[in-house]
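First to last, the sequence lines map onto chains R and A. For reference, each letter of the first sequence is one residue, going 6 to 379 in this note's numbering. For reference, each letter of the second sequence is one residue, going 13 to 494 in this note's numbering. Glycine included, C-beta positions come from ideal geometry on N, C-alpha and C. To start, the structure itself, in structure tokens.
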Amino acid sequence: MRPETEADLAEIIKGAAGPLRIQGGGTRDIGKPVDGALLQTGGLTGVTLYEPGSLTLVARAGTPLAEVEAVLDAEGQRLPFEPMDHRGLLGRDGVPTVGGMAASNVSGPRRIQSGACRDYMLGVRFVDGAGTVLSNGGRVMKNVTGYDLVKLMAGSYGTLGVLTEVSFKVLPKPEASACVLINDLSETEAVEAMSRALGSPFDVSGVAHLPVGVDGAPVTMIRVEGFAESVRYRSGRLAALFAGRDVTVETDPERVAAGWRYVRDAEPFHAAPGDVWRLSVKPSDAPGLVAASGALQAIYDWGGGLVWLLMPVASDLRARLGGFAGHATLVRGNEDTRRALPVFQPEPGPVAAISAGLRARFDPRGILNPGIMG
Amino acid sequence: MEMPVPNPAILARKEAIIAKLRGCVPTDALIWDEMETRAYECDALTAYRCAPLAVVLPATTEEVSAVLKVCHAEGVPVVPRGSGTSLAGGALPTADSVVIGVSRMNAVLETDYDNRIIRVQTGRTNLSVTGAVEQDDFFYAPDPSSQLACAIAGNIAMNSGGAHCLKYGVTTNNLMGVTMVMMDGTVFEIGGAHLDAAGLDLLGVICGSEGQLGVVTEATLRILHKPEGARPVLMGFDSNEVAGECVSDIIKAGVLPVAIEFMDRPCIEACEAFAKAGYPMCEALLIVEVEGSEAEIAEQLALITDIAKRHNPVELREAKDADEAGRIWLGRKSAFGAMGQINDYMCLDGTIPVSSLPFVLRRIGEMSKEYGLDVANVFHAGDGNMHPLILFNANKPGDLELCEAFGADILKLCVEVGGCLTGEHGVGIEKRDLMAHQYRPEDLEVQMAVKDVFDPAWLLNPAKVFPLAASEGRRVVQVAAE
């Protein structure tokens with residue numbers, strides 16, 4: 006089923022006899038496999054409003070992300086949260102959509118500075134599990150009118166409703182960018198260095214560490230963006246912070262962009278066999294957790310707050326880590342593993358009760374992507 | 013503003029309820045004497061007052077939990093209170109309610125510069141969070157005007173903003189975790205020093221829920237290193253439209269100032285008379301502030317003043333030093349005080365698309381003539397969050413009602429042009445009955461369904477946010493269950 010209007014989508018859900026498997030562009034096959042009739046949102050397309058001077062864009066959920074990015078690019082603007090493209094990592098084809106990105110709250114390296122996808126979502130329209138069309142939020146940047154269900158919908162993987170339209174706050178694209186590269190730091194040293202960069206006044210927009218860089222040696226990456234003079238100034242000051250280390254500054258825009266795409270999309274793991282986990286933790290805890298994980302390889306993003314782990318197939322990462330503050334998600338794993346292990350971090354009792362209660366209210370028949378989040 | 017009739021069964025059981033609350037907190041943390049509870053009869057929306065049944069001032073999460081368990085068992089409504097600075101009546105009690113004030117819970121629990129977080133009890137004031145880290149050059153970004161007095165608890169309840177949120181975001185973008193006590197006393201923790209939710213983004217819906225889902229007792233907040241410097245430029249224009257276009261052009265040019273503040277002539281005149289900041293007498297003033305090193309500031313200001321010059325400003329004044337910067341901000345920061353000197357006023361908080369600024373300002377001017385009440389406008393122009401101040405005379409019979417009707421018309425206008433009723437103050441009781449202009453019944457219903465899940469008996473701050481008629485069925489069930 007691939008409705009082309011919100012009203013048709015609502016009719017389909019209202020009349021559904023059983024579970025529905027909801028899909029945007031089908032590029033982010035994340036979560037416990039869902040058994041249900043396929044319902045695609047790719048027919049709901051189009052940017053319905055774009056006002057560069059108000060930093061606002063509204064698009065229907067099935068609009069290809071690339072189309073939104075092109076529209077923004079023509080006005081020198083962008084989605085600030087740098088959404089990851091999951092296709093390479095998950096071995097999928099297809100076209101990433103606005104709705105799929107929002108429903109899985111997909112961000113990238115700039116999340117550490119600018120915030121996540123959910124922080125730039127201003128409003129949503131969606132159809133709940135009873136087939137009712139609902140809206141929340143709006144198209145303005147500051148809005149505390151009633152409960153913020155926009156955040157609730159972000160990252161709810163279709164379990165509370167099927168998104169039909171999302172409005173975003175967008176930001177100007179910077180004139181220049183540069184990347185300070187520090188070679189050969191240990192993982193602990195790298196997290197310390199990243200913390201220093203993030204704790205500096207130099208408005209860093211990305212901090213990552215690859216224990217195995219492109220040339221096989223460890224590299225720590227610190228990005229600054231802005232007006233050209235300012236980028237030159239701040240990258241120079243950051244490089245000076247690490248005097249005594251092997252530091253270089255990359256200023257070629259294409260190389261800087263390629264380097265951050267490599268981190269954003271977890272490219273080192275695209276061709277590597279194994280499961281891929283995503284850990285969200287307190288940055289200073291990261292090196293210890295990576296050591297405890299027994300991972301084949303790790304990538305540190307967000308100053309260590311986000312760790313990608315390449316793990317042997319079907320290994321239970323959470324069992325290896327024991328109790329830790331944060332959460333682990335099995336992003337890539339075969340269907341058997343994703344049925345056997347909780348894909349999302351199991352929630353403590355009171356939290357799980359609230360989540361279950363919300364799903365029961367938004368989707369009383371339990372037909373929207375049932376079980377996908379565990 | 014109508015409030016529900018207090019439940020006589022609760023009023024009749026006052027002594028028994030107080031006796032149970034006595035077991036939850038030390039003697040000096042429980043107030044039930046009618047003279048003393050009067051201190052809690054209103055917040056900053058002083059037109060409405062009602063002393064509560066009792067006030068409890070717990071010192072720990074455990075005490076909050078114990079108090080909520082008693083109120084839950086007794087079916088007593090609870091009104092959570094931070095510092096009582098809400099302009100929307102978010103902390104207005106009813107006679108049958110227990111106020112839980114978090115003002116004694118103001119400790120810093122943890123400061124962690126390596127991971128850029130601070131964990132505090134939520135009675136701590138907004139400014140004193142920055143105060144706890146500024147000796148190390150860090151700060152907490154959201155900066156509501158009331159930051160000297162307002163508590164983090166209230167900031168979380170209302171998802172407060174401030175002048176600098178164009179760059180740094182509002183409370184929800186800087187809140188990483190909470191400890192919250194639910195109405196039945198269950199203690200609930202979400203988030204922490206790590207980013208983003210494991211499952212559903214409950215933190216996102218708790219922030220801005222106006223104390224209706226739980227009592228937040230501890231918060232993990234993101235702290236940032238201060239920029240190397242900051243400097244404002246002041247520009248005057250001979251029409252609101254031109255100033256509005258200038259704002260739009262600055263944003264389109266790729267500059268992201270930390271603040272763009274807008275004042276119109278009535279506001280400029282009042283501020284000048286009050287603060288003598290040396291403002292030019294013109295139709296519209298913009299204060300634009302940028303941050304960075306000296307060279308970065310100079311580069312951004314050059315770009316901004318170039319744009320401004322294309323709009324024929326009647327004044328263009330760049331701060332040369334901290335003293336001049338202070339003078340530029342002086343008038344703006346004293347705007348509310350200045351208006352208060354002239355008159356009673358009501359402060360609105362609607363947000364509109366930035367592109368609608370000139371139209372909305374013109375319409376407000378026309379409505380001001382129709383109602384015969386003056387309006388001054390001062391607001392955060394970069395994000396379209398308006399603060400029209402309607403002047404009225406509280407001692408003149410009928411003037412408050414006229415002012416409220418005018419205010420409602422302005423907010424409806426904000427919604428009509430694609431905006432919303434409130435950008436940072438919250439709905440409270442003030443905008444409760446206007447909610448139906450922004451949301452259809454089903455959109456309100458799904459929000460109330462969220463409250464059903466967190467607080468099935470509708471005991472937490474029950475008469476706020478939703479039109480009384482819309483929430484009646486839920487609140488009546490609770491009274492009938494007595």
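Would Thr363 of chain A be called buried (16 or more neighbouring beta carbons within 10 Å of its own) or exposed?
-> Numbered from its first residue, the second sequence carries residue 363 of chain A at position 351. Note on Thr363 of chain A: 16 or more other CB atoms within 10 angstroms of its CB, so buried under the neighbour-count rule.
Local conformation of Arg325 of chain R per DSSP, three classes | Counted from its first residue, the first sequence places residue 325 of chain R at position 320. Arg325 of chain R falls in the helix class under three-state DSSP.
Is the beta carbon of Leu313 of chain A less than 8 Å from the beta carbon of Arg243 of chain A?
-> Here residue 313 of chain A corresponds to residue number 301 of the second sequence, with the count starting at 1. Here residue 243 of chain A corresponds to residue number 231 of the second sequence, with the count starting at 1. At a Cβ-Cβ threshold of 8 Å, Leu313 of chain A and Arg243 of chain A count as neighbours.
If you draw a straight line from the C-alpha of Ile377 of chain R to the C-alpha of Gly36 of chain R, how long is it?
-> On the first sequence, position 372 is the one that residue 377 of chain R refers to. On the first sequence, position 31 is the one that residue 36 of chain R refers to. Each residue's Cα considered, the two are about 5 Å apart.
Inter-stretch contact at 8 Å, needing at least 3 Cβ pairs: the region 175-194 of chain R / the region 221-228 of chain R = Contact between the region 175-194 of chain R and the region 221-228 of chain R is present, because at least three Cβ pairs lie under 8 Å.
Same chain only: Cβ atoms within 7 Å of Tyr55 of chain R, ignoring 5 sequence neighbours per side | Along the first sequence, read from residue 1 onward, the residue named residue 55 of chain R stands at position 50. Excluding sequence neighbours, Tyr55 of chain R sits near Leu62 and Val76.
Assuming Leu471 of chain A contacts Met195 of chain A under a Cβ cut-off of 8 Å, what Cβ separation, rounded to an integer in Å, is found between them?
-> Sequence index remark: in the second sequence, residue 471 of chain A carries index 459 (1-based). Sequence index remark: in the second sequence, residue 195 of chain A carries index 183 (1-based). Indeed they touch by this definition, with Cβ atoms about 5 Å apart.
Neighbour list for Leu472 of chain A in chain R, Cβ cutoff strictly below 9 Å | One-based indexing of the second sequence puts residue 472 of chain A at position 460. Under the 9 Å cutoff, chain R gives no residues; its nearest Cβ is about 13 Å from Leu472 of chain A.
Note down, in chain order, every chain A residue with its Cβ under 7 Å from the Cβ of Ser205 of chain R.
-> In the first sequence, residue 205 of chain R corresponds to position 200, counting from 1. The answer, in chain order, is His237.
Give the straight-line distance between the Cα atoms of Ala277 of chain R and Leu203 of chain R, rounded to the nearest whole angstrom.
-> For the purposes of this step, residue 277 of chain R is identified with residue 272 of the first sequence, where counting begins at 1. For the purposes of this step, residue 203 of chain R is identified with residue 198 of the first sequence, where counting begins at 1. So the alpha carbons of these two residues sit roughly 31 Å apart.
Drop a sphere of 10 angstroms on the beta-carbon of Glu301 of chain A, count the other beta-carbons inside from all chains shown, and report buried for 16 or more, exposed for fewer.
-> Here residue 301 of chain A is taken as the residue at index 289 of the second sequence, counted from 1. The Cβ neighbour count for Glu301 of chain A, taken over all protein chains shown within 10 Å, is at least 16; the residue is labelled buried.
Inter-residue spacing [alpha-carbon to alpha-carbon] between Gly113 of chain R and Gly338 of chain R | Sequence index remark: in the first sequence, residue 113 of chain R carries index 108 (1-based). Sequence index remark: in the first sequence, residue 338 of chain R carries index 333 (1-based). Rounded to whole angstroms, the gap between the alpha carbons of Gly113 of chain R and Gly338 of chain R is 21 Å.
Chain A contact for Tyr238 of chain R (CB, 8 Å cutoff) | Your numbering for residue 238 of chain R matches position 233 in the first sequence. So yes, Tyr238 of chain R belongs to the interface.
What did DSSP end up calling Phe86 of chain R once you bin it into helix, strand or coil?
-> In the first sequence, the residue the question calls residue 86 of chain R occupies position 81. Secondary structure of Phe86 of chain R (DSSP, three-state): coil.
Of the listed residues A:Met398, A:Leu225, A:Phe249 and A:Tyr52, nearest to Met170 of chain A (C-alpha basis) | In the second sequence, residue 170 of chain A corresponds to position 158, counting from 1. Residue nearest to Met170 of chain A within the set A:Met398, A:Leu225, A:Phe249 and A:Tyr52 is A:Leu225 (criterion: CA-CA distance).
Separation of Lys81 of chain A from Ile43 of chain A, as counted between CA atoms = Indexing the second sequence from 1 puts residue 43 of chain A at position 31. Indexing the second sequence from 1 puts residue 81 of chain A at position 69. Taking the straight line joining both Cα atoms gives about 18 Å.
Measuring only between beta-carbons, confirm whether His206 of chain A sits less than 8 Å from chain R.
-> Sequence index remark: in the second sequence, residue 206 of chain A carries index 194 (1-based). Cβ-Cβ to chain R under 8 Å: yes for His206 of chain A.
Quick one: what's got a C-beta closer than 6 Å to Arg487 of chain A's C-beta in the same chain, skipping five residues either side?
-> Position 475 of the second sequence holds residue 487 of chain A. Answer for Arg487 of chain A: Trp470 and Pro474, listed in chain order.
Closer than 9 Å by beta-carbon distance: list the chain R residues that pair up with Phe200 of chain A, in chain order.
-> The count along the second sequence starts at 1 and reaches residue 200 of chain A at position 188. Result: Pro353, Pro355, Val356 and Ile359.
Assuming Asn252 of chain A contacts Ala289 of chain A (C-beta within less than 8 Å), just tell me the rounded distance between them.
-> Here residue 252 of chain A refers to the residue found at position 240 of the second sequence. Here residue 289 of chain A refers to the residue found at position 277 of the second sequence. The beta carbons of Asn252 of chain A and Ala289 of chain A sit about 20 Å from each other, so the pair does not count as a contact at 8 Å.
Using alpha carbons as the reference points, say which of A:Ile262, A:Asp411, A:Ala285 and A:Val37 lies closest to Ile319 of chain A.
-> Here residue 319 of chain A refers to the residue found at position 307 when the second sequence is read from its first residue. It is A:Ile262 whose Cα lies nearest to the Cα of Ile319 of chain A.
Determine the direct distance from the alpha carbon of Asp108 of chain A to that of Pro89 of chain A, and round the result to whole angstroms.
-> Along the second sequence, read from residue 1 onward, the residue named residue 89 of chain A stands at position 77. Along the second sequence, read from residue 1 onward, the residue named residue 108 of chain A stands at position 96. In a straight line, the C-alpha of Pro89 of chain A is about 7 Å away from that of Asp108 of chain A.
Please list the segments of the alpha helix (DSSP H) lying wholly inside the region 287-348 of chain A, counting only runs of 4 or more residues, in order along the chain.
-> Every unbroken stretch of the alpha helix (DSSP H) spanning 4 or more residues and falling wholly within the region 287-348 of chain A is given here in chain order: 306-321 and 334-345.
Would you mind working out which of A:Asp40, A:Val462, A:Pro479 and A:Lys463 sits nearest Gln450 of chain A, comparing C-alpha positions?
-> Residue numbering aside, residue 450 of chain A sits at position 438 when the second sequence is read from its first letter. Closest option to Gln450 of chain A, Cα to Cα, is A:Pro479.
Just the chain R side, please: which residues come within less than 7 Å of Ser305 of chain A by C-beta, in chain order?
-> As a working note, residue 305 of chain A is residue 293 in the second sequence. Residues of chain R passing the Cβ test: Tyr238.
Spell out whether any CB of chain R is found under 8 Å from the CB atom of Glu308 of chain A.
-> Residue mapping note: residue 308 of chain A aligns to position 296 of the second sequence, counting from 1. A Cβ of chain R is located within less than 8 Å of the beta carbon of Glu308 of chain A.
Looking only at its own chain, which residues have a Cβ that is under 6 Å from the Cβ of Gln350 of chain R, when we skip the five neighbours before and after it?
-> Taking the first residue of the first sequence as 1, we reach residue 350 of chain R at position 345. Take Gln350 of chain R, set aside five residues on each side of it, and the residues of its chain with a beta-carbon closer than 6 Å to its own are His332 and Ala333, in chain order.
Which of helix, strand or coil does DSSP assign to Leu233 of chain A?
-> By one-based count along the second sequence, residue 233 of chain A stands at place 221. Three-state result, Leu233 of chain A: strand.
Taking C-alpha atoms, which residue in R:Val145, R:Leu84 and R:Val73 lies nearest to Asn397 of chain A?
-> In the second sequence, the residue the question calls residue 397 of chain A occupies position 385. Minimum Cα distance to Asn397 of chain A is reached at R:Val145.
Return yes when the Cβ of Val462 of chain A is within less than 8 Å of the Cβ of Leu363 of chain R, no when it is not.
-> Locating residue 363 of chain R in the first sequence gives position 358, counting from the first residue. Locating residue 462 of chain A in the second sequence gives position 450, counting from the first residue. For Leu363 of chain R and Val462 of chain A, yes; Cβs fall inside 8 Å.
Assuming Ala205 of chain A contacts Met188 of chain A (C-beta within less than 8 Å), just tell me the rounded distance between them.
-> Position 193 of the second sequence, counted from the first residue, corresponds to residue 205 of chain A. Position 176 of the second sequence, counted from the first residue, corresponds to residue 188 of chain A. Contact flag correct, Cβ pair sits at about 7 Å.
Residues of chain R with CB under 7 Å from Lys264 of chain A, in chain order?
-> Position 252 of the second sequence, counting from 1, holds the residue named residue 264 of chain A. Pro57 and Gly58, listed in chain order.
Answer with buried or exposed for Ala493 of chain A, where buried requires no fewer than 16 other C-beta atoms within 10 angstroms of its C-beta.
-> Here the question's residue 493 of chain A lines up with position 481 in the second sequence. Residue placement at Ala493 of chain A is flagged as unreliable, the pLDDT there being 49, under the threshold of 50; the coordinate-derived value follows with that caveat. Counting every other CB atom within 10 Å of its CB across the protein chains shown gives Ala493 of chain A a total below 16, marking it as exposed.
On the three-state DSSP scale, how would you describe Ala493 of chain A?
-> Your numbering for residue 493 of chain A matches position 481 in the second sequence. Below a pLDDT of 50, predicted positions are generally treated as unreliable, and Ala493 of chain A, at 49, falls in that range; the measurement from the model is reported next regardless. The three-state secondary structure of Ala493 of chain A, taken from DSSP, is coil.
In the structure shown, what three-state DSSP assignment does Met194 of chain A receive?
-> Numbered from 1 along the second sequence, position 182 holds the residue referred to as residue 194 of chain A. Of the three classes helix, strand and coil, the one that applies to Met194 of chain A here is coil, per DSSP.
Starting from Ser260 of chain A, find everything on chain R with Cβ-Cβ shorter than 7 Å and list it in chain order.
-> For the purposes of this step, residue 260 of chain A is taken as residue 248 along the second sequence, with counting starting at 1. Correct list: Gly58.
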